[in-house]
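Below is one structure, written out as structure tokens; comments come after it.
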Amino acid sequence: MSRKGSPARAVTRRGVEMAEAVTGRARSARIEQARQAEARRIARRSFLRVSFFAGLILTLGSSIAGLLAYFNLRNPTGFGAPVTVPRSLIPPPGADPVRITDGKFWLVNLEGSQGDVLGVGGTGGLLALYWKCPHLGCVVPWRADFNGAIVGYPGIIGWFRCPCHGSTYSRAGVRVFGPAPRSMDTFLIEVNADGSITVNTRAITSGAADPPNPLRAVPYNA
Numbered sequence: 011m012s013r014k015g016s017p018a019r020a021v022t023r024r025g026v027e028m029a030e031a032v033t034g035r036a037r038s039a040r041i042e043q044a045r046q047a048e049a050r051r052i053a054r055r056s057f058l059r060v061s062f063f064a065g066l067i068l069t070l071g072s073s074i075a076g077l078l079a080y081f082n083l084r085n086p087t088g089f090g091a092p093v094t095v096p097r098s099l100i101p102p103p104g105a106d107p108v109r110i111t112d113g114k115f116w117l118v119n120l121e122g123s124q125g126d127v128l129g130v131g132g133t134g135g136l137l138a139l140y141w142k143c144p145h146l147g148c149v150v151p152w153r154a155d156f157n158g159a160i161v162g163y164p165g166i167i168g169w170f171r172c173p174c175h176g177s178t179y180s181r182a183g184v185r186v187f188g189p190a191p192r193s194m195d196t197f198l199i200e201v202n203a204d205g206s207i208t209v210n211t212r213a214i215t216s217g218a219a220d221p222p223n224p225l226r227a228v229p230y231n232a
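Going left to right, the sequence shown walks through residues 11 to 232 as this note's numbering numbers them.
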């Protein structure tokens, strides 16, 4: 004859199983909560670490940029500073002017009285003409094919002529036509021992100042 558990014992066993199930779920919930809390702590530590290093990099970057700017101001290059032109870029006497982009000027090597259209006594040499038109600041190009007859100087080919309003200047930067109030401004030139020249683009001499442009030309025999 088989033995069967009493109803009371069966009820007790089910109660124990249910209690264990509840306890297991509670334990799992606590474990999951702990895992999520740890994940949040790790994420927060990672965020703080990234923020710290990002701030450090930004601070260092700003400091380095400041130092570079400081040294650049102390030792500027290009326009607004001395610009060295190597001997190889200096045009021969009477040749077309050379555009020096870094310094924003035209380098002219006048031959004799070339460009002295007003007859002030020019004898040739180097001129650094600021390419900014004295009228409204347009960049003045060299027009090698421009005929001076158009502006009252027949027989002279090659002029500086502003594309904005037509101001026209001789090879020496002397204004002969147009609304510009003066001749082209110039920069100081120093001839170096190796045949190069240094043009000081910090020192701008007005085209209206004395002496006139043709007399500012620097002798060059390198």
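Quick reminder that beta carbons are idealized off the backbone N, C-alpha and C, glycines included. Just so it is clear, the structure is predicted and the values come from calculations on it, not from any experiment.
Apart from sequence neighbours up to five positions away, the residues of its chain that approach GLY176 with a beta-carbon distance below 6 Å are GLY188, ordered along the chain.
The closest CA to that of PRO164, considering only VAL149, TRP152, SER180 and THR208, is found on SER180. Around the beta carbon of THR196, 16 or more other beta carbons lie within 10 angstroms, which makes this residue buried. Of the residues GLY135, PRO221, VAL60 and PRO224, the one whose Cα lies closest to the Cα of ASN231 is GLY135. The residues ASP195, THR196, PHE197, LEU198 and ARG226, in chain order, have a CB closer than 8 Å to that of THR215 in the same chain once the five nearest residues on each side in sequence are set aside. Following the DSSP letters along the chain, one finds ASP155 inside the beta strand (DSSP E) bounded by residues 152-157.
From the listed residues THR211, ASP220, PRO222 and PRO221, the smallest Cα separation to THR87 is found for THR211. Distance from the CA atom of VAL150 to the CA atom of LEU70, rounded to whole angstroms, is 43 Å. Counting other Cβ atoms within 10 Å of its Cβ, VAL60 stays below 16 and is therefore classed as exposed.
Per DSSP, ASN231 lies in no beta strand (DSSP E) and is assigned neither H nor E. Note: TYR179 is bridge-paired with PHE170 and ARG185 in the DSSP secondary-structure output.
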